[in-house]
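See structure below.
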Amino acid sequence: MSKLWWQTLGTGKEHLVLLHGWGLNAEVWRCISDRLASQFTLHLVDLPGYGRSQDYGPMTLAAMAEEVMRHAPPRALWLGWSLGGLVASQAALTQPERVSGLISVASSPCFAAREAWPGIKPEVLSGFQQQLSEDFRRTVERFLALQTLGTETARQDARRLKEVVLNQPMPTVEVLNGGLEILKQEDLREPMVDLTLPFLRIYGSLDGLVPRKVAPLLDEHWPRSESLVLPKAAHAPFISHPEAFCQAVEDFCRKISAG
Numbered sequence: 001m002s003k004l005w006w007q008t009l010g011t012g013k014e015h016l017v018l019l020h021g022w023g024l025n026a027e028v029w030r031c032i033s034d035r036l037a038s039q040f041t042l043h044l045v046d047l048p049g050y051g052r053s054q055d056y057g058p059m060t061l062a063a064m065a066e067e068v069m070r071h072a073p074p075r076a077l078w079l080g081w082s083l084g085g086l087v088a089s090q091a092a093l094t095q096p097e098r099v100s101g102l103i104s105v106a107s108s109p110c111f112a113a114r115e116a117w118p119g120i121k122p123e124v125l126s127g128f129q130q131q132l133s134e135d136f137r138r139t140v141e142r143f144l145a146l147q148t149l150g151t152e153t154a155r156q157d158a159r160r161l162k163e164v165v166l167n168q169p170m171p172t173v174e175v176l177n178g179g180l181e182i183l184k185q186e187d188l189r190e191p192m193v194d195l196t197l198p199f200l201r202i203y204g205s206l207d208g209l210v211p212r213k214v215a216p217l218l219d220e221h222w223p224r225s226e227s228l229v230l231p232k233a234a235h236a237p238f239i240s241h242p243e244a245f246c247q248a249v250e251d252f253c254r255k256i257s258a259g
């Protein structure tokens with residue numbers, strides 16, 4: 001049986017599941033885990049095939065969400081960054097009674113650009129898939145550099161992301177390709193319309209992968225959700241702006257508790 005790497009920290013009343021993005025692992029949350037662990041019981045997980053969860057091949061979005069939910073507490077707040085945002089959203093769609101609230105970070109229900117929808121050009125994602133088979137470490141590093149582009153601390157933020165990848169087992173090319181396939185193909189814009197649980201979407205104003213134009217479009221399409229755009233942040237706002245990010249998470253949780 002495949003084993004998912006999972007770590008629980010903190011003793012807060014509210015459980016918070018943290019899901020990382022493509023190519024990375026749960027170590028990406030270490031910059032904020034101490035602060036959040038003082039407020040929540042944190043659940044850090046390496047998604048199937050990533051980091052220390054090596055015993056998996058490529059998976060569909062639905063299968064990935066199902067595997068994570070198998071290990072998750074009965075009820076929790078779910079926070080997903082980038083690809084992790086899609087996994088958290090899929091979990092909320094599949095078993096909404098187990099999700100007390102949803103936070104997506106620098107994520108989109110549809111990552112690929114479509115007609116009248118801003119996103120990553122499909123040919124860019126296809127290019128990454130092609131390059132993975134040629135020089136997969138360099139391709140991952142290029143993708144990480146894109147995530148911090150434009151921020152005042154871009155160089156050190158990119159270095160931190162790179163360390164997170166290199167200090168843990170690397171995903172296989174097949175798993176990375178499977179993740180890019182999810183980013184290319186999935187479109188949860190319509191399924192998420194009917195989601196009624198509390199939902200916060202956090203964006204970086206300088207994000208080159210999930211453009212901030214997505215925020216007002218989803219404000220209109222998903223009127224039950226709320227959005228927050230962090231100024232001067234890019235695709236990894238919890239690394240470049242940890243204080244503002246944690247404050248937003250804590251405020252959202254208080255709001256849910258207050259009913």
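For the sequence shown, the UniProt record's numbering gives the first residue as 1, with consecutive numbering after it.
Ideal Cβ placement from N, Cα and C applies to all residues, glycine included.
Note that the structure is a prediction, hence the values are computed from the model and not measured.
Let's see if you can read the secondary structure: which residues bound the beta strand (DSSP E) around residue i?
i, result
"E226", "E226 to L230"
"T41", "T41 to V45"
"Q95", "Taken as a continuous stretch (DSSP letters only), Q95 belongs to no beta strand (DSSP E), as it is neither H nor E."
"H20", "From DSSP, H20 is part of no beta strand (DSSP E); its letter is neither H nor E."
"A62", "No beta strand (DSSP E) holds A62; the alpha helix (DSSP H) holding it covers L61 to H71."
"L206", "Careful: L206 lies outside any beta strand (DSSP E) and carries neither H nor E."
"Q54", "Looking at the DSSP string, Q54 is not in any beta strand (DSSP E), and its letter there is neither H nor E."
Would you kindly report the start and end of the unbroken alpha helix (DSSP H) that includes residue i?
i, result
"H221", "V214 to H221"
"I239", "P237 to S240"
"Q7", "That residue, Q7, is in no alpha helix (DSSP H); its beta strand (DSSP E) goes W6 to L9."
"V164", "A154 to L166"
"V175", "V173 to Q185"
"P122", "P122 to E134"
Pick from the options: whose alpha carbon is nearest that of residue i?
i, options, result
"K3", "E27, L180, R52 and F238", "R52"
"W117", "R189, E152, S82 and S225", "R189"
"P96", "A65, I32, V165 and F128", "A65"
"P171", "L61, E163 and R137", "R137"
"D207", "V229, G12, D219 and Y56", "V229"
"V210", "L183, E226 and H221", "L183"
"S38", "L16, Q185 and S225", "L16"
According to the Cβ coordinates, are residue i and residue j closer than 7 Å?
i, j, result
"A112", "I120", "yes"
"S107", "S126", "no"
"P58", "V140", "no"
"Q130", "N177", "no"
"G204", "A234", "yes"
Apart from the five residues on each side of it in sequence, which residues of its chain come closer than 6 Å, Cβ to Cβ, to residue i?
i, result
"W6", "V45 and H71"
"V164", "L24, E27 and V28"
Spatial neighbours of residue i within its chain, please: C-beta separation below 8 Å, excluding the five flanking residues on both sides.
i, result
"L161", "L24, V28, L144, Q147, T148, A236 and I239"
"G101", "L77, W78, L197, P198, F199, L200, F252, C253 and I256"
Might you give, ordered along the chain, the residues of its own chain that have their beta carbon closer than 7 Å to the beta carbon of residue i, omitting 5 neighbours on each side?
i, result
"P109", "S89, D187, L188, R189 and M192"
I want to check one thing, is the minimum distance from the CB of residue i to the heavy atoms of the ligand MG below 6 Å?
i, result
"L44", "Looking for the ligand MG in the displayed structure turns up nothing, as the structure carries no ligands at all."
Kindly identify the DSSP beta-bridge partner or partners of residue i.
i, result
"R114", "W117"
"L77", "L16 and G101"
"F199", "L102"
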